[in-house]
Amino acid sequence: MHRIACCCLFFCLCVVFSQQNALAHGGVVEEDDLCVIKVNYLRAHFKVYQPRATGHEQYCEDLPSASESIFVMEYQHDSLSQMPIDFRIIRDVTGKGRFARLEDIYEISDIDSATVFYQPPVIEPDVYAVNYEFIEEGDFIGIVSARDPETGKLYAAVFPFEVGFTGFGYWPIFAGLLVLIQIHYLYMSGRLKRWYGKSSTVVTGFAIFLLLAPPVSFAGDVVVTYTTPDGDPQLNRMHSWILHIEDEAGTEVEGATVEVEGGMPEHDHGLPTKPRVTEELGGGDYKLEGMRFHMSGYWEIVVSVTTDDGTSIVIIPLRL
Amino acid sequence: MRVSASRVVVALAVAIVAVVAWQRWPASPPKWTPVEVAMLRSLWIESLPELPPDPSNAVADSTIAAKFGEQLFFDTRLSSNGGISCATCHQPERRFTDGLQKGQAIGTTGRHTPSIVGTAYSPWQYWDGRRDSQWSQALVPLEDPDEHGTDRAQVVNLIAQDETYRATYESLFGELPDPASSDRVMLNTAFANIGKSIAAFERLVMPTPSRFDEYVRAVVDQDAGSQQRLFDDDEVRGLKLFIGEANCTQCHNGPLFTNHEFHNTGVISFPGDVPDKARVAGVREVLRNEFNCLGIYSDDVEHRCAELQFTRTGSTLTGAVKTPSLRNLENTAPFMHKGQIPTIAEVLQHYNEAPDAMIGHNEAIPLGLSARQLHQLEVFLGTLAAPVAGLSGADGILVEN
Chain F
1 MHRIACCCLF
11 FCLCVVFSQQ
21 NALAHGGVVE
31 EDDLCVIKVN
41 YLRAHFKVYQ
51 PRATGHEQYC
61 EDLPSASESI
71 FVMEYQHDSL
81 SQMPIDFRII
91 RDVTGKGRFA
101 RLEDIYEISD
111 IDSATVFYQP
121 PVIEPDVYAV
131 NYEFIEEGDF
141 IGIVSARDPE
151 TGKLYAAVFP
161 FEVGFTGFGY
171 WPIFAGLLVL
181 IQIHYLYMSG
191 RLKRWYGKSS
201 TVVTGFAIFL
211 LLAPPVSFAG
221 DVVVTYTTPD
231 GDPQLNRMHS
241 WILHIEDEAG
251 TEVEGATVEV
261 EGGMPEHDHG
271 LPTKPRVTEE
281 LGGGDYKLEG
291 MRFHMSGYWE
301 IVVSVTTDDG
311 TSIVIIPLRL
Chain L
321 MRVSASRVVV
331 ALAVAIVAVV
341 AWQRWPASPP
351 KWTPVEVAML
361 RSLWIESLPE
371 LPPDPSNAVA
381 DSTIAAKFGE
391 QLFFDTRLSS
401 NGGISCATCH
411 QPERRFTDGL
421 QKGQAIGTTG
431 RHTPSIVGTA
441 YSPWQYWDGR
451 RDSQWSQALV
461 PLEDPDEHGT
471 DRAQVVNLIA
481 QDETYRATYE
491 SLFGELPDPA
501 SSDRVMLNTA
511 FANIGKSIAA
521 FERLVMPTPS
531 RFDEYVRAVV
541 DQDAGSQQRL
551 FDDDEVRGLK
561 LFIGEANCTQ
571 CHNGPLFTNH
581 EFHNTGVISF
591 PGDVPDKARV
601 AGVREVLRNE
611 FNCLGIYSDD
621 VEHRCAELQF
631 TRTGSTLTGA
641 VKTPSLRNLE
651 NTAPFMHKGQ
661 IPTIAEVLQH
671 YNEAPDAMIG
681 HNEAIPLGLS
691 ARQLHQLEVF
701 LGTLAAPVAG
711 LSGADGILVE
721 N
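As structure tokens, this is what we get:
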């Protein structure tokens with residue numbers, strides 16, 4: 001019973017902590033280790049840097065010192081890239097601190113005098129970033145608003161934050177202790193071992209599944225081969241390919257829509273160019289132009305072949 | 321007890337000496353495998369292909385245009401205050417850079433002055449590739465209020481007023497339009513022609529063989545004596561790291577040590593600036609620029625323009641800047657697109673840590689090299705120093721050596 005009570009207490013504390021966090025951030029919340037700003041239903045990855053003070057260190061909201069601060073929003077929702085967005089930082093004059101809401105902002109009679117930074121509405125198609133150098137520490141509120149160009153509707157996010165933030169005090173240590181006690185309990189009770197045993201079976205099972213699952217290149221019902229009329233592919237040189245496409249029975253595939261993407265899976269990036277099929281040459285041959293490789297190593301060229309029967313995807317591995 | 325204590329001391333001393341010896345006297349330099357020799361050959365200046373033609377510039381390979389371009393390059397009259405020329409920032413004695421974080425002309429420019437050496441090989445100009453030819457690039461600073469601060473009508477007017485310039489221009493391109501003419505296309509054509517002349521000069525600014533290139537020859541010739549004479553042990557190990565563990569040749573490949581492409585490597589923002597969006601914005605600009613390869617001022621009537629037609633766009637290019645050449649790094653500090661990093665040692669340290677990018681995604685992964693390995697890379701990069709080849713103009717401005 002005692003242990004069950006302990007677990008309950010721990011669970012409650014966790015809930016309280018996470019709730020508090022969600023409240024504290026206002027329009028900015030942490031989700032799966034990612035700091036997200038919610039401008040109504042529009043979401044963006046939100047992060048703040050103090051490059052002069054702490055280099056590449058990222059913050060979600062509270063900032064350690066009054067120094068140059070760069071607020072970055074990387075859109076998760078495409079429509080933000082077409083909306084005029086403005087960004088305002090005010091001193092917290094609401095008296096609500098971490099519980100300040102949009103309604104509280106509307107109640108401020110003279111918002112301009114409380115404003116320390118204002119970036120007028122601007123459409124930033126790729127990523128939104130502003131730079132403000134805080135002169136003093138204290139409590140601030142950030143307000144991001146975006147206007148829908150079609151409906152004229154204004155969306156806003158409000159996030160209170162502290163500059164000169166000193167940390168959570170002893171709470172993380174306390175929480176850490178609780179976690180340790182819990183792990184100790186689980187270990188002593190032998191449950192950890194059982195769980196581990198189970199999960200390792202699952203992992204092994206998944207690995208076996210992956211090994212047995214057929215590679216994508218054989219999943220389709222077409223065979224794609226290529227030749228390079230300009231000579232072997234060379235680094236940093238634009239060249240063309242001739243793709244030859246046959247179905248499983250060896251019949252040439254004609255009249256297909258062929259799209260090509262490619263990249264280096266080991267480096268998590270694509271081709272430097274956007275090649276496309278410019279001409280169908282007949283006999284299952286398609287001219288692919290705009291191929292260029294800018295790094296040596298392992299590349300994968302992904303060819304998707306769409307006919308009336310559907311789309312087949314073939315991956316051509318290539319080492320340069 | 322006394323005996324065992326002294327044994328401990330002796331053992332410790334032996335261990336220290338062994339460690340120092342291992343650090344100081346490493347084994348003889350590693351031999352190059354056939355794969356490595358192929359990689360060295362690919363970086364060799366002798367592997368540099370013949371300069372590809374620039375179909376968008378009809379006078380690209382004209383000597384008269386190049387001489388004209390050289391004069392224009394150094395002419396401070398091409399500025400609103402009469403004090404700024406291309407060479408104000410692109411100083412030949414500094415490998416066509418200026419030693420500053422950001423260029424300083426009439427005002428302060430947005431980024432670090434890049435070198436011109438070997439850029440004729442690049443399909444893209446500027447750190448963000450917002451121009452697709454040397455000639456269209458050359459036009460931008462003339463009209464930038466922070467650079468030359470002039471405009472196309474004033475530039476054409478200068479050519480019209482200077483008898484020698486006018487004669488040269490007309491021998492190359494035919495009659496010079498009236499600078500006061502309201503015909504925008506005629507004015508733009510003359511302005512583009514001036515850019516094309518400057519480009520004809522810039523096409524000749526090329527790197528020359530360095531000690532590294534001599535070393536590669538020695539490797540190719542299997543001349544062990546010359547190899548030993550040319551590179552010390554740290555330089556050899558630095559080169560080995562460069563083409564191997566340090567992943568440098570992922571981007572700094574080919575005889576110019578650049579793939580001419582755009583990569584986000586998580587360089588920190590410049591004080592007072594927001595992080596640079598770079599290529600993602602640059603590619604949009606080049607695609608709509610009236611002086612691009614597909615435009616009416618391009619001499620490529622067939623509009624082949626493969627680079628422009630097949631270029632990649634989109635958010636994966638956020639924060640990606642063009643890979644600079646690593647040849648001739650001497651006298652070119654500071655480094656990176658806004659001169660954020662003052663020394664090569666710190667640049668290497670940056671890649672060793674590969675921090676998260678402030679915007680976009682850092683393509684580099686932390687190297688985890690030792691301080692000694694970083695030093696070896698640094699001394700290797702020093703072997704790429706060499707004079708720059710340029711046009712020996714009438715007044716010998718660019719004659720080096």
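Read top to bottom, the protein sequences are chains F and L.
Okay, so the first sequence: first residue is 1 according to the working numbering, each after it adds one.
Okay, so the second sequence: first residue is 321 according to the working numbering, each after it adds one.
All residues carry an ideal CB built from backbone N, CA and C; glycine is no exception.
The structure presented is a predicted model; accordingly, all values stated were derived computationally and were not measured.
Q: Starting from the C-beta of V700 of chain L, find all residues in its chain whose C-beta is less than 6 angstroms away, skip the five residues before and the five after it, and write them out in chain order.
A: As written in the sequence, residue 700 of chain L is Phe, which differs from the Val given in the question. Beyond the five residues adjoining it in sequence on each side, F700 of chain L comes within less than 6 angstroms, by CB distance, of E555, G558, L559 and F562 in the same chain, given in chain order.
Q.
Considering just the uninterrupted stretch of the alpha helix (DSSP H) at D247 of chain F, what are its terminal residues?
A. Where D247 of chain F is concerned, there is no enclosing alpha helix (DSSP H), although the beta strand (DSSP E) around it starts and stops at H239 to D247.
Q | Buried versus exposed call for F46 of chain F [16 or more other C-beta atoms within 10 Å across all chains shown] | A | Here F46 of chain F is buried: its Cβ has 16 or more other Cβ atoms, across all protein chains shown, within 10 Å.
Q. Would you say R43 of chain F faces chain L, with C-beta separation under 8 angstroms as the test?
A. R43 of chain F does not count as touching chain L.
Q) Does DSSP put E279 of chain F in a helix, a strand or coil? A) Looking at E279 of chain F - three-state DSSP - the assignment turns out to be strand.
Q: Look at R91 of chain F and F134 of chain F and say whether their C-beta atoms are less than 8 angstroms apart.
A: No, these two residues do not count as a Cβ contact at 8 angstroms.
Q) Using CA coordinates, which residue listed in F:Q50, F:V223 and F:D32 is at the minimum distance from N131 of chain F? A) Checked all of F:Q50, F:V223 and F:D32; the closest Cα to N131 of chain F is F:Q50.
Q.
Please tell me whether I301 of chain F has its Cβ less than 8 angstroms away from any Cβ of chain L.
A. Not closer than 8 angstroms to any Cβ of chain L, the Cβ of I301 of chain F fails to qualify, so no.
**Q.** E622 of chain L, buried or exposed, once every other Cβ within 10 Å from all chains shown has been counted against 16
**A.** With fewer than 16 other Cβ atoms within 10 Å, it is exposed.
(Q) I'd like to know whether the C-beta of A129 of chain F is nearer than 8 angstroms to at least one C-beta of chain L. (A) The beta carbon of A129 of chain F sits closer than 8 angstroms to some beta carbon of chain L.
Q.
On the criterion of 16 or more Cβ atoms from any shown chain inside 10 Å, does I616 of chain L qualify as buried, or is it exposed?
A. Of the residues assessed, I616 of chain L falls on the exposed side of the cut-off, its CB having fewer than 16 other CB atoms within 10 angstroms.
Q) Alpha carbon to alpha carbon, how far is L243 of chain F from D498 of chain L? A) Per the coordinates, the alpha-carbon of L243 of chain F lies some 53 angstroms from the alpha-carbon of D498 of chain L.
Q | Buried versus exposed, by CB contacts within 10 Å (16 or more), I143 of chain F | A | By the 16-neighbour rule on beta-carbons within 10 angstroms, I143 of chain F is buried.
Q) Looking only at its own chain, which residues have a Cβ that is under 7 angstroms from the Cβ of F590 of chain L, when we skip the five neighbours before and after it? A) Counting only Cβ-Cβ distances below 7 angstroms, and skipping sequence neighbours, we find K658 and Q660.
Q. Of all the CB atoms in chain F, is at least one closer than 8 angstroms to the CB of G586 of chain L?
A. A Cβ of chain F is located within less than 8 angstroms of the beta carbon of G586 of chain L.
Q. Which bits of chain L does Y49 of chain F rub up against, with CB to CB less than 7 angstroms?
A. Those within 7 angstroms of Y49 of chain F in chain L are M678.
**Q.** N- and C-terminal bounds of the alpha helix (DSSP H) containing Y485 of chain L
**A.** It spans E483 to F493 - the alpha helix (DSSP H) in which Y485 of chain L sits, taken as one unbroken run.
(Q) Under DSSP, the alpha helix (DSSP H) around E103 of chain F begins and ends at which residues? (A) Its alpha helix (DSSP H) spans residues L102 to Y106.
Q: May I have the straight-line CA-CA distance separating G95 of chain F from D104 of chain F, to the nearest angstrom?
A: Taking the straight line joining both Cα atoms gives about 9 angstroms.
Q: To the nearest angstrom, report how far apart A544 of chain L and I316 of chain F are at their CA atoms.
A: Here the C-alpha atom of A544 of chain L lies approximately 41 angstroms from the C-alpha atom of I316 of chain F.
Q | Spatial distance of T470 of chain L from N377 of chain L (CA atoms) | A | Approximately 23 angstroms between the Cα atoms of the pair.
Q: Report the neighbours of M295 of chain F on chain L: residues whose CB is nearer than 9 angstroms to its CB, in chain order.
A: Contacts between M295 of chain F and chain L, judged by CB atoms closer than 9 angstroms, involve T569, Q570, C571, N573, N579 and E581 in chain order.
Q: With 8 angstroms as the threshold, decide whether the Cβ of V72 of chain F is near any Cβ in chain L.
A: The beta carbon of V72 of chain F falls within 8 angstroms of a beta carbon belonging to chain L, placing the residue at that interface.
Q. Rounded to a whole number of angstroms, what is the C-alpha to C-alpha distance between D308 of chain F and E254 of chain F?
A. Taking the Cα positions, D308 of chain F is about 11 angstroms away from E254 of chain F.
Q: Taking C-beta pairs closer than 7 angstroms, name the residues in chain F that Q629 of chain L reaches, listed in chain order.
A: Going along chain F in sequence order, the residues near Q629 of chain L (Cβ under 7 angstroms) are G290.
Q. What is the DSSP secondary structure of M291 of chain F, counted as helix, strand or coil?
A. Reduced to three states, the DSSP call for M291 of chain F is strand.
Q | C-beta atoms of P686 of chain L and E673 of chain L nearer than 8 angstroms | A | Yes. Within cutoff.
Q | Endpoints, the beta strand (DSSP E) within which K422 of chain L is located | A | Here K422 of chain L belongs to no beta strand (DSSP E), and DSSP marks it neither H nor E.
Q | Alpha-carbon to alpha-carbon, T273 of chain F and V600 of chain L | A | Their Cα atoms are separated by approximately 13 angstroms.
Q) In the structure shown, what three-state DSSP assignment does H77 of chain F receive? A) The three-state reading of DSSP puts H77 of chain F in coil, since its state is none of H, G, I, E or B.
Q: Have a look at S491 of chain L and Q669 of chain L and give me their C-alpha separation to the nearest angstrom.
A: So the alpha carbons of these two residues sit roughly 53 angstroms apart.
**Q.** Members of the segment 235-266 of chain F near chain L, C-beta cut-off 8 angstroms
**A.** If you check each beta-carbon in the segment 235-266 of chain F against every beta-carbon of chain L, the ones closer than 8 angstroms belong to L235, N236 and M238.
Q: Mind checking who N131 of chain F pairs with in its DSSP beta bridge?
A: According to DSSP, N131 of chain F bridges with F:I70.
Q.
Considering Cα atoms alone, identify which of L:D395, L:P654, L:K597 and L:A380 is closest to Q421 of chain L.
A. Ranked by Cα distance from Q421 of chain L, the first of L:D395, L:P654, L:K597 and L:A380 is L:P654.
Q: For the beta strand (DSSP E) containing K516 of chain L, list its first residue and its last residue.
A: Per DSSP, K516 of chain L lies in no beta strand (DSSP E); the unbroken alpha helix (DSSP H) holding it starts and ends at R504 to E522.
Q | Distance between beta carbons of D448 of chain L and V641 of chain L, contact taken as under 8 angstroms | A | Confirmed, about 7 angstroms.
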